[in-house]
Each structure stands twice: as structure tokens, then as C-alpha cells.
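Structure, as C-alpha cells:
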Amino acid sequence: MDVNQEANGSRSQNSYHDHTVCLSKVLDHARQICTERGVQLTPIRFQVLTLICDSHKAVKAYDLLDKIKPLQPAAKPATIYRALDFLLDQGLIHRIESLNAFFGCDHSGHRHEQLMLICKHCEEVEERPANNVMNMLSQELQLAGFSEYSKTIEIQGICSKCALLNKQPAFS
Ligand SMILES: [Zn+2]
Ligand SMILES: [Zn+2]
Ligand SMILES: [Zn+2]
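See below:
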């Protein structure tokens, strides 16, 4: 979906909240984290982060490459993947394994456990800490004697906003 469709689309987050606020918050947070850690938020890293956080949807790497070309004509897939690795390492974005896509984390700046709710209709992703679920999962893994690399649960379905729209005749 391009920027114009995004602005006009009824499914866009922009239709019910001012996403520029989210975006500037997440970018300020990223700048602050990188300064604190003494790591470089280079122009390409910053651009990749901005493109990912441009909406609450998950973004695939090849879509990022298309979008970055006009900004950085020399950008190659390896450039994008290096930028993604950096952003993942810094905890500024998360990878959604089931979609092979990425979305911005607006609150952490650290690797952390998460329950990801992935809407199949609007493609937006909501991240929740779900402490109770994670604690129970830890107990189960302990019983199994299983050491996890990471604890992320991806749930695919329909978000509350889309479910609400679904009740209206205009829904397609
Ligand atoms: Zn937003
Ligand atoms: Zn997060
Ligand atoms: Zn939705």
C-alpha cells in the first residue's frame, strides 16, 4: 500500500488516530537509545526504521527495498538486511516469523517476551506483554526441560477494530 492509499484508506490507522505522534515518539525513543548505547543510527538505519514505523502494519523486507530505492538508490538487499539486524539487535523492531515481516516496537529498546496479535484483515500488529501467559509458558517449558531461545507467541486473527467494522455494511 503506498503513502496516498495509506492516508485515504479507511483501514488505515490514520483514520482514527494521528500516527505522526506515534512515529515521532518511536523515532525520538530510537535516537535516545542509540545515543545512550553509543551506537550509530546511520541514515540508512534511520530510514529503514522510519519506513517500518510508518504504520502499525508488518512490513516485509522486499517492500522495504522498494521504498528505500528512491531515497538511497545504491541500497542493496544486503544493506537492508544489515540495517534490520541492527534494529533487531537494539530491540527497536521485532520480526514476525509467521509472516517473515517486521514491525516497530515503541516501548522497549530491549529484547523482550511478547504476545503478537496479527490482524489478517488490516495487517496491523499489536504487541502485548501478557505476563500471566508468559509465566505459565515458562513453567511448561521448565517441566519439559526445554530451554527456549526466545519466547514470542504469534496469534493470527481479526483485531477488535476490524471486528467492529465487520458489523457495518460497508465492510469488504
Ligand atoms: Zn500510530
Ligand atoms: Zn516490543
Ligand atoms: Zn484489523
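In terms of the working numbering, the sequence shown opens at residue 560 and continues consecutively. C-beta: ideal position from N, C-alpha, C; glycine also.
Local conformation of residue i per DSSP, three classes
i: Q698; result: helix
i: T711; result: strand
i: K607; result: Looking at the sequence shown, residue 607 is not Lys but Val. In this structure, V607 counts as helix in the three-state DSSP scheme.
i: Q599; result: coil
i: C681; result: coil
i: Q591; result: helix
i: L723; result: helix
i: K626; result: helix
i: H653; result: strand
i: L586; result: helix
i: A566; result: For A566, the predicted model reports a pLDDT of 40, less than 50, meaning its position is unreliable and no value from the coordinates is stated.
Same chain only: Cβ atoms within 6 Å of residue i, ignoring 5 sequence neighbours per side
i: R670; result: G650
i: T711; result: Q673
i: Q715; result: I677 and K679
i: R752; result: With the chain covering 560 to 731 only, the question about residue 752 has no answer from this structure.
i: L643; result: none
i: C658; result: Note on residue identity: the sequence assigns Leu, not Cys, to residue 658. Result list for L658: A617, in chain order.
Spatial neighbours of residue i in its chain, beta-carbon cut-off 7 Å, leaving aside the 5 residues before and after
i: A689; result: L674
i: C581; result: D665
i: E656; result: E713
i: R538; result: Any question about residue 538 goes unanswered here, given that the chain covers just 560 to 731.
i: K584; result: D665
i: T638; result: I603
Closer than 8 Å: residue i CB and nearest ligand 5 heavy atom
i: K720; result: Ligand 5 is absent from the structure shown, which contains only ligand 1, ligand 2 and ligand 3.
Boundaries of the alpha helix (DSSP H) in which residue i is found, first to last residue
i: I717; result: Neither: I717 is in no alpha helix (DSSP H) and is coded neither H nor E.
i: F705; result: Where F705 is concerned, there is no enclosing alpha helix (DSSP H), given that its DSSP letter is neither H nor E.
i: A637; result: P636 to D648
Any C-beta of chain B under 9 Å from that of residue i
i: K720; result: Absence of chain B from the displayed structure is noted, only one protein chain being present.
Run of the beta strand (DSSP E) containing residue i, from where it starts to where it stops
i: A617; result: That residue, A617, is in no beta strand (DSSP E); it is neither H nor E in DSSP.
i: A735; result: The first residue shown for the chain is 560 and the last is 731, placing residue 735 beyond what the model contains.
Nonlocal neighbours in the same chain, by C-beta distance under 8 Å from residue i, ignoring five residues either side
i: L586; result: F605, L608, T609 and C612
i: Q599; result: C593
Open item on the list: For the pair the segment 623-631 and the segment 692-709, tell me if three or more CB-CB distances fall below 8 Å.
Closed with: no
TODO: Say whether the segment 633-652 touches the segment 599-607, bearing in mind that this needs 3 or more beta-carbon pairs closer than 8 Å, one atom from each stretch.
DONE: yes
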